[in-house]
Amino acid sequence: DSGVTQTPKHLITATGQRVTLRCSPRSGDLSVYWYQQSLDQGLQFLIQYYNGEERAKGNILERFSAQQFPDLHSELNLSSLELGDSALYFCASSPELTSGPRGEQFFGPGTRLTVL
Amino acid sequence: AQKVTQAQTEISVVEKEDVTLDCVYETRDTTYYLFWYKQPPSGELVFLIRRNSFDEQNEISGRYSWNFQKSTSSFNFTITASQVVDSAVYFCALSELQGGSEKLVFGKGTKLTVNP
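In order, the protein sequence lines correspond to chains A and B. The letter at position 14 of the first sequence is residue 14 when you use this note's numbering, and the numbering goes up by one with no holes. The letter at position 60 of the second sequence is residue 1060 when you use this note's numbering, and the numbering goes up by one with no holes.
This is the structure we're talking about:
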């Protein structure tokens, strides 16, 4: 157990809908990262927040947005969903801006999103 | 841009065989970090190792060993005396610094199946 929690575990929705994925980082970690794992694109970095501020952006679509709240939990909002958005969405956390003292980002169990 | 190539898509071995998973990377950074993560069938991402670009010493941890060769931009992973529990998808990743923060660039992964 990495200490990072993600809810929900599974989400099934329809095209055109909007969903929110939630992530609670490990206690004390200030950085939260979001990754998308899909069959065709593999594991891709989406976005990073550090202590409430956006710090790095990857291949995140404009239909997607994220935020980190004062209690450091983060939410990833996906809107106007398309079939191709079906994927496993991971959240990871680390103590600082870059990977922690041992170097790793601690990954949550993921949220599996299915768009029908 | 950073790139990680895991040329082996799938590998199948019989228990107790040794197996090496290849990872080749591209980066223009002089300081970078390389990682290996394991994704068992349950889906979570488990951190295995992190190496920095200045430390080319090989590392051994139990049945796992890593061979980092800067000259060939490779960071290969060997499992000695493989076991059924080693069956998983293994990802090699490279850190990419962006504005003081860091994201991970993952390879496509190698699916390892260890048969009894």
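Backbone N, C-alpha and C define an ideal beta-carbon position, used for all residues, glycine too.
C-beta contact flag for residue i and residue j at 7 Å
i          : j          : result
A/Leu-43   : B/Phe-1106 : yes
B/Arg-1050 : B/Phe-1068 : no
B/Glu-1096 : B/Gln-1006 : no
A/Leu-113  : A/Leu-76   : no
B/Val-1004 : B/Ser-1073 : no
A/Val-32   : A/Ser-93   : yes
A/Leu-83   : A/Val-115  : yes
A/Gly-108  : A/Gln-37   : no
A/Phe-64   : A/Leu-78   : yes
A/Trp-34   : A/Ala-56   : no
B/Gly-1043 : A/Gly-110  : yes
B/Gly-1100 : A/Leu-97   : yes
B/Gly-1066 : B/Glu-1059 : First, the residue type needs correcting, since residue 1066 of chain B is Trp and not Gly in the sequence shown. For B/Trp-1066 and B/Glu-1059, yes; Cβs fall inside 7 Å.
A/Asp-29   : A/Pro-95   : yes
B/Phe-1047 : A/Glu-62   : no
Nonlocal neighbours in the same chain, by C-beta distance under 6 Å from residue i, ignoring five residues either side
i          : result
B/Thr-1020 : Asn-1076 and Thr-1078
B/Leu-1045 : Tyr-1037 and Gln-1039
A/His-73   : Ser-24
B/Lys-1111 : Glu-1010 and Val-1089
A/Gln-17   : Leu-81
A/Arg-26   : Gly-3, Val-4, Ser-93 and Phe-106
A/Glu-54   : none
B/Asp-1086 : Ile-1079 and Val-1114
Contact set for residue i: own chain, Cβ-Cβ below 7 Å, skip 5 residues either direction
i          : result
B/Ser-1083 : The displayed chain sequence assigns Gln, not Ser, to residue 1083 of chain B. Excluding sequence neighbours, B/Gln-1083 sits near Glu-1015 and Val-1114.
A/Gly-58   : Gln-44, Phe-45, Leu-46 and Ile-47
A/Gly-52   : Gln-68 and Pro-70
B/Glu-1026 : Gln-1002, Lys-1003 and Ser-1073
8 Å Cβ cut-off: residues of chain C touching residue i
i          : result
B/Lys-1103 : Judged by its chain identifiers, the structure shown contains no chain C, and its protein chains are A and B.
Expected contact under 8 Å - CB spacing of residue i and residue j to nearest Å
i          : j          : result
B/Asp-1022 : B/Gln-1008 : 6 Å
Span of the beta strand (DSSP E), counted from its first residue to its last, around residue i
i          : result
A/His-10   : 10–13
A/Gly-42   : 42–50
A/Phe-64   : 64–68
B/Lys-1003 : 1003–1005
B/Ile-1011 : 1010–1014
A/Thr-98   : A/Thr-98 -> no beta strand (DSSP E), and no H or E assigned at all.
Own chain, CB closer than 8 Å to residue i, minus 5 neighbours either side, in chain order
i          : result
B/Ala-1093 : Val-1004, Leu-1034, Phe-1035, Trp-1036, Tyr-1037, Leu-1104, Val-1105, Phe-1106 and Gly-1107
B/Phe-1054 : Thr-1031
B/Lys-1070 : Ser-1053 and Glu-1056
Runs of beta strand (DSSP E) lying entirely within the segment 1021–1097 of chain B, each at least 3 residues, in chain order: Correct list: 1024–1026, 1033–1039, 1046–1052, 1059–1061, 1064–1069 and 1074–1079.
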